[in-house]
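Colleague: I am attaching a structure below and will ask some questions about it afterwards.
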Amino acid sequence: MSTVPGTVPGTIVVTGAAGGMGRPAARRFAAQGRPLLLCDLDADRLATLARELQDACADARIDVLAADIAAEDFPAQVTAALGDAPLAGLVHTAGLSPTMSDGRRIFAVNYHATERLVAALLPRFAPGGCAVLISSVSAYMLADPVLLGSIRDFVATGNAEGIARFMDDPGMSYAVSKRAVINFVEREAPAFGARGLRIASIAPGFIDTPMGRAEAEENAQLRAMIDMVPQQRMGHGDEIASVAEFLCSPAASYISGTDIRVDGGIIGLLSTKAGA
Ligand SMILES: NC(=O)c1ccc[n+]([C@@H]2O[C@H](COP(=O)([O-])OP(=O)(O)OC[C@H]3O[C@@H](n4cnc5c(N)ncnc54)[C@H](O)[C@@H]3O)[C@@H](O)[C@H]2O)c1
């Protein structure tokens, strides 16, 4: 019988590192003394974070990569920045929400870039390593079984016929991209497991980050849902980062191929109401 693995030595790659979930994730892994490769589109905020972490620990190994995750060569930039260092974890938080871009760009960033990055990093992980992706509670708000089947089919085969008509609507494109991330994690778990690795996603609820605040400001329906959250508040970025840290730890050694809702109970509540 195989044994439960211990902490995996190696670099943690954090994408969206300058954002509301990426920053606390970077702080947590820096506090563990991990070498970090921090990636974000925003070079200034990335540099500020790297300085902060370096000031807190002069010995810390902090590398930064300011680049667009949707660029075709982004995975190659990451692997080049990693060099020969073993990869212990990926915490992939970079993403776009419905008010931030058009539907096609949202899908390209949230799904296609994710698929390419994970494919490139899979062979780079040290045994015991873990990839943590970020989905969303939006994925659970899609109820049409035909659409859910089309998303699963798209992730399995690349056939985009059933989802193409949603790509021009930012809200739908976002939800479909996040459902696809959940299906992608399920799809990839066997390949990860065969190498002694794990992959999982976190579905944040309404989180008080720049993105979460921007969406709430624009969307009255969202504000009404925030008022219904059983935990009676928005979540904090660090409440997502703490789960990412857990998933990358030996304490999560049997968690793979699944999505973990960190939503203050909202999807459970909405499902209960829908079933009532
Ligand atoms: N905040 C919420 O309420 C919420 C809810 C559900 C899911 N999510 C998901 O959580 C993840 C993190 O969200 P957040 O709240 O931290 O958002 P955020 O906007 O605070 O941070 C996202 C970071 O990603 C970076 N980024 C965006 N596009 C990029 C690109 N193309 N290349 C490189 N970097 C890019 C941004 O510069 C930013 O620093 C996203 O995938 C989002 O969809 C957020």
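Per our numbering, the very first residue in the sequence shown carries number 297; after that it's consecutive. We put the beta carbon where it would ideally sit given N, CA and C, even for glycine. Remember, it's a predicted structure, so these values are computed and weren't measured experimentally.
Just reading off the alpha helix (DSSP H) that P331 is part of, what are its end residues?
Modeller: Along the sequence shown, read from residue 1 onward, the residue named residue 331 stands at position 35. Looking at the DSSP string, P331 is not in any alpha helix (DSSP H), and its letter there is neither H nor E.
Colleague: Considering only their Cβ atoms, is the gap separating M530 from D504 smaller than 8 Å?
Modeller: One-based indexing of the sequence shown puts residue 504 at position 208. One-based indexing of the sequence shown puts residue 530 at position 234. Yes.
Colleague: Would you list the residues sitting across from V558 in a DSSP beta bridge?
Modeller: Translated into positions along the sequence shown, residue 558 becomes position 262. Paired residues: P500.
Colleague: Just mark P371 as buried or exposed, buried being the case when its beta carbon has 16 or more other beta carbons within 10 Å.
Modeller: Taking the first residue of the sequence shown as position 1, residue 371 is located at position 75. Label assigned to P371: buried.
Colleague: Hey, could you find the ends of the beta strand (DSSP E) P244 is sitting in?
Modeller: Residue 244 lies beyond the range of the chain shown here (297 to 572); nothing can be said about it.
Colleague: Run through DSSP, which three-state label would L342 get?
Modeller: On the sequence shown, residue 342 is found 46 positions in, with the first residue counted as 1. Correct three-state label for L342: helix.
Colleague: So, for A404: in the same chain, excluding its five sequence neighbours on each side, which residues have a beta-carbon less than 8 Å away from its beta-carbon?
Modeller: Numbered from its first residue, the sequence shown carries residue 404 at position 108. Same-chain partners within the cutoff: A366.
Colleague: Have a look at P526 and E535 and give me their C-alpha separation to the nearest angstrom.
Modeller: Position 230 of the sequence shown holds residue 526. Position 239 of the sequence shown holds residue 535. Using only the alpha carbons, I get a separation of about 16 Å.
Colleague: Quickly, what does DSSP pair G531 with across the bridge? List them, please.
Modeller: As a working mapping, residue 531 is identified with position 235 in the sequence shown. Answer is I503, bridged to G531.
Colleague: Cα separation between S298 and R461?
Modeller: By one-based count along the sequence shown, residue 298 stands at place 2. By one-based count along the sequence shown, residue 461 stands at place 165. With a pLDDT of only 45 at S298, under 50, the local geometry of the prediction cannot be trusted, and the value read off the model is given with reservation. Going by the C-alpha atoms only, they are around 47 Å apart.
Colleague: Only counting runs of 4 or more residues, tell me where the alpha helix (DSSP H) segments fall wholly within the stretch 360-385, in order along the chain.
Modeller: 370-378
Colleague: Leaving out five residues before and five after G561 in sequence, what residues of the same chain have Cβ atoms less than 7 Å from its Cβ?
Modeller: Taking the sequence shown and counting its residues from 1, one reaches residue 561 at position 265. Closer than 7 Å at Cβ, skipping near neighbours: V525, P526 and Q527.
Colleague: Taking the C-alpha atoms as reference points, what is the distance between A377 and V310?
Modeller: The residue given as residue 377 occupies position 81 in the sequence shown. The residue given as residue 310 occupies position 14 in the sequence shown. Each residue's alpha carbon lies about 13 Å from the other.
Colleague: Can at least three beta-carbon pairs, one atom from the stretch 377-397 and one from the stretch 341-354, be found at a separation below 8 Å?
Modeller: With the cut-off at 8 Å, the stretch 377-397 and the stretch 341-354 do not touch.
Colleague: For D239, which residues from the same chain have a beta carbon less than 6 Å from its beta carbon, with the 5 sequence-adjacent residues on both sides left out?
Modeller: The first residue shown for the chain is 297 and the last is 572, placing residue 239 beyond what the model contains.
Colleague: Does the distance from the C-beta atom of D364 to that of L383 stay below 8 Å?
Modeller: If you number the sequence shown from 1, residue 364 lands on position 68. If you number the sequence shown from 1, residue 383 lands on position 87. No; because the gap between Cβ atoms is not below 8 Å, this pair is not in contact.
Colleague: Just to check, is the beta-carbon of A432 closer than 7 Å to a non-hydrogen atom of ligand 1?
Modeller: In the sequence shown, residue 432 corresponds to position 136, counting from 1. The identity of residue 432 in the sequence shown is Ser, whereas the question assumes Ala. True, at least one ligand heavy atom lies under 7 Å from that Cβ.
Colleague: Give the straight-line distance between the Cα atoms of R483 and S497, rounded to the nearest whole angstrom.
Modeller: Within the sequence shown, numbered from 1, the residue matching residue 483 stands at position 187. Within the sequence shown, numbered from 1, the residue matching residue 497 stands at position 201. About 12 Å.
Colleague: Relative to ligand 1, is the shortest distance from any of its heavy atoms to the C-beta of N515 smaller than 7 Å?
Modeller: Here residue 515 refers to the residue found at position 219 when the sequence shown is read from its first residue. It does not: the Cβ of N515 is nowhere closer than 7 Å to a heavy atom of ligand 1.
Colleague: Nearest-angstrom Cα distance between V477 and G454?
Modeller: Working through the sequence shown from its first residue, we reach residue 477 at position 181. Working through the sequence shown from its first residue, we reach residue 454 at position 158. In a straight line, the C-alpha of V477 is about 13 Å away from that of G454.
Colleague: At the level of alpha carbons, what is the spacing between G501 and A381?
Modeller: Within the sequence shown, the letter at position 205 stands for residue 501. Within the sequence shown, the letter at position 85 stands for residue 381. Taking the straight line joining both Cα atoms gives about 34 Å.
Colleague: With distances taken between CB atoms, is the gap from A512 to R519 smaller than 8 Å?
Modeller: By 1-based counting over the sequence shown, the position of residue 512 is 216. By 1-based counting over the sequence shown, the position of residue 519 is 223. Yes, they are a contact pair.
Colleague: Can you grab the Cα-Cα spacing for the pair V387 / K569, in whole Å?
Modeller: Mapped onto the sequence shown, residue 387 falls at position 91. Mapped onto the sequence shown, residue 569 falls at position 273. Approximately 33 Å, taken between the alpha carbons.
Colleague: What first and last residue would you give for the beta strand (DSSP E) that runs through P423?
Modeller: Within the sequence shown, residue 423 is the residue found at index 127, counting from 1. Taken as a continuous stretch (DSSP letters only), the beta strand (DSSP E) holding P423 covers F421 to I430.
Colleague: Tell me whether G329 is buried or exposed, calling it buried when 16 or more other Cβ atoms sit within 10 Å of its Cβ.
Modeller: Here residue 329 refers to the residue found at position 33 of the sequence shown. Around the beta-carbon of G329, fewer than 16 other beta-carbon atoms lie within 10 Å, marking it exposed.
Colleague: Would you mind reading off the limits of the beta strand (DSSP E) that contains T410?
Modeller: If you number the sequence shown from 1, residue 410 lands on position 114. That residue, T410, is in no beta strand (DSSP E); its alpha helix (DSSP H) goes A409 to L417.
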